[in-house]
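Peer 1: Got a structure here, written out as structure tokens. Questions coming.
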Amino acid sequence: MNRLGFYQDHIEQKLSPSQVATLQILLYLISVYKTVQISKLTSLFPLPIQSESKRKHIQKFLTLKELSLPIFWFPLVRIMVEKVFSLTSELILIIDRIQWQNTNILMISVAWKKRALPIYWKILDHKGASNLIEQQAVIRPVLRLLKRYKIIITADREFHSIFLSHWLKKSQKNQVYFVLRQRKSTSIKRGKKYC
Numbered sequence: 001m002n003r004l005g006f007y008q009d010h011i012e013q014k015l016s017p018s019q020v021a022t023l024q025i026l027l028y029l030i031s032v033y034k035t036v037q038i039s040k041l042t043s044l045f046p047l048p049i050q051s052e053s054k055r056k057h058i059q060k061f062l063t064l065k066e067l068s069l070p071i072f073w074f075p076l077v078r079i080m081v082e083k084v085f086s087l088t089s090e091l092i093l094i095i096d097r098i099q100w101q102n103t104n105i106l107m108i109s110v111a112w113k114k115r116a117l118p119i120y121w122k123i124l125d126h127k128g129a130s131n132l133i134e135q136q137a138v139i140r141p142v143l144r145l146l147k148r149y150k151i152i153i154t155a156d157r158e159f160h161s162i163f164l165s166h167w168l169k170k171s172q173k174n175q176v177y178f179v180l181r182q183r184k185s186t187s188i189k190r191g192k193k194y195c
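Residue numbers for the sequence shown, in the working numbering: 1 to 195.
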């Protein structure tokens with residue numbers, strides 16, 4: 001698979017030529033100057049316009065609906081998964097929350113060759129652990145995207161909720177299984193309501 005051509009074709013289908021140029025410039029600036037701060041990117045952006053206009057241009061570009069995860073990223077993920085995994089493969093999905101500086105990110109990734117390819121993420125508007133509704137909001141679109149595959153979801157102790165387990169178990173009609181790490185003090189009893 002020609003990866004560069006694959007990405008270029010996808011990007012050119014989703015974005016206009018001027019948007020492609022903006023994306024290329026931003027990716028270049030981010031990789032060379034190692035920054036994602038809009039104020040710094042604005043000062044480096046090579047457009048012959050006022051600084052405030054550059055900032056607005058970058059912000060407008062970054063909020064394009066064409067760059068949303070379901071529209072821009074999901075088709076890429078679907079194609080990559082189809083190229084790498086057969087329909088009989090078990091996909092191992094990893095759900096985790098990352099506190100990166102002041103940003104709290106809930107993310108779900110697919111495991112592949114000792115790496116994790118991010119599929120979907122949500123920036124949480126609070127510090128600390130995620131709740132069941134936020135976890136379902138990140139998992140649900142990925143289950144729809146990968147519904148043709150047998151899925152195993154793995155997660156650490158933050159995702160130990162019996163309610164998440166019950167919700168995932170109801171998803172087993174889509175071949176969804178899960179391994180959720182439990183706290184040492186957790187006792188599990190087989191019962192009619194959940195297990």
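No residue lacks a Cβ here, since even glycine has one placed at the ideal position from N, Cα and C.
1) Quick one: residues in its chain with C-beta nearer than 6 angstroms to the C-beta of L62, no 5 flanking neighbours on either side, listed in chain order?
2) Among W112, K113, I98, which residue has its Cα nearest to the Cα of L106?
3) Where does K189 sit, in a helix, a strand or coil, going by DSSP?
4) Within the same chain, show all residues whose beta-carbon is closer than 8 angstroms to that of R148, passing over the 5 residues directly before and after it, in chain order.
5) How should N104 be labelled, buried or exposed, when 16 other C-beta atoms within 10 angstroms of its C-beta is the threshold for buried?
6) Would you call the segment 68-82 and the segment 52-59 in contact, with 3 or more CB pairs under 8 angstroms?
7) Are T154 and V176 touching if we call contact CB-CB under 7 angstroms?
8) Near K122, what residues of its chain come up, given a Cβ to Cβ distance below 7 angstroms and the 5 sequence neighbours on each side ignored?
9) For the beta strand (DSSP E) holding K122, just list the boundary residues, first then last.
10) Note down, in chain order, each residue of its chain lying with its Cβ closer than 7 angstroms to the Cβ of S89, except the 5 sequence neighbours on either side.
Peer 2: Let me spell this out:
1) Apart from sequence neighbours up to five positions away, no residue of its chain approaches L62 with a beta-carbon distance below 6 angstroms.
2) Residue I98 is the option with its Cα nearest to L106.
3) coil
4) Counting only Cβ-Cβ distances below 8 angstroms, and skipping sequence neighbours, we find L87.
5) buried
6) No: the two stretches stay apart, fewer than three of their Cβ pairs being nearer than 8 angstroms.
7) no
8) L106, E134, A137, V138
9) 115-124
10) Only Y149 meet the Cβ criterion.
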